[in-house]
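In full-length UniProt numbering, the protein residues as written are 1 to 326.
For every residue, glycine included, the Cβ atom is placed at its ideal position computed from N, Cα and C.
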Ligand code: PMP
């Protein structure tokens, strides 16, 4: 279904229309599909918000050509924003907590962006605070704020959601996706619930993340290795709307790691740890539908594989679980 069949004018036009591929390791009678977001030019789901958010912000006059965007990011957002900024005539600065992968930071720099590191122990909150300090110091600088900007959700409502429905002719029983900012899941969920208010919506977070508390679940905060999803502080994640979500699935580092290895070995998918976690949760939801524990309008579960394992080779993603997680 990838539909870039005509010549294109710019790399930005290659964003989206990613393939939706069947995952075969599911229960009898329920189909699972994954949207392969590594097919985007910056090799992640975040290219979508890079283009969508910056185009809308320029249209609205939040920033003008020649200005600067400054964003706290774990990396993939930086790559997506760096590509869009470059093509739309904006400078880009990214504030990245040190623990995130060097590959992503090198790619942001290769795209012409400036990368500033903040201490790992200050977490994303530290990166967010630093981004705002920098924006105050510069003229015509703006922080797109992927954690609170509704344009993030809107990007997926306008693109990812409709692409999934078109590919499956509307036969979608459940949507399941990892939540970092939660823009991906919220955008798809809003679109899905408009098509069919009974669509099951499953959020995915690492064990140690606390999104589940927003649905009244008990959570114990802790560290995790899965990259790109989860939160330690729901206050900084304004996009997650518990009203749209049926359940939040906490996935362990070990289960995510085992699954990303299986996806490579058996299904040919080279995906990051957040995709491993999403796949575990999607299979769980599929099993619940198969067992009649979950009522879905269609026997089809759709999930999102946000990025590729190549981005984490230096972090030992394909080494043993013990080595990767130590
Ligand atoms: N997986 C990876 C690898 C990511 O970089 C991100 C973005 N932080 C996500 C999943 C989650 O996407 P979202 O921010 O839209 O919830």
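By the C-beta criterion, the stretch 37-56 is judged to be in contact with the stretch 294-310, since at least 3 inter-stretch pairs fall below 8 Å.
No heavy atom of the ligand PMP is found nearer than 7 Å to the CB of residue 250. In this structure, the alpha-carbon of residue 213 lies about 6 Å from that of residue 219.
Minimum Cα-Cα distance from residue 106 among the listed residues 312, 290, 224 corresponds to 312. Taken in chain order, the unbroken stretches of alpha helix (DSSP H) that lie wholly in the stretch 236-271 and span 4 residues or more are 253-267.
Within the DSSP secondary-structure output, residue 205 pairs in a beta bridge with 250. Going by beta carbons, residue 189 and residue 52 fall outside the 8 Å limit. Three or more Cβ pairs closer than 8 Å define a contact, and the stretch 242-251 meets that threshold against the stretch 203-211.
Residue pairing by DSSP places residue 91 opposite 68 in a beta bridge.
For residue 289, the uninterrupted alpha helix (DSSP H) run begins and ends at 273-290, by DSSP.
Note that the stretch 281-296 touches the stretch 174-182; at least 3 beta-carbon pairs, one per stretch, sit closer than 8 Å. Contact check between the stretch 135-153 and the stretch 63-78: three or more CB pairs, one atom from each, fall below 8 Å, which counts as touching. Annotation: residue 55 to residue 142 spans about 14 Å, alpha carbon to alpha carbon. For the 8 Å CB-CB criterion, residue 225 and residue 325 form a contact.
Here residue 96 is near residue 127, since their CB atoms are less than 8 Å apart.
Look at residue 174 here: in three-state DSSP terms it is strand.
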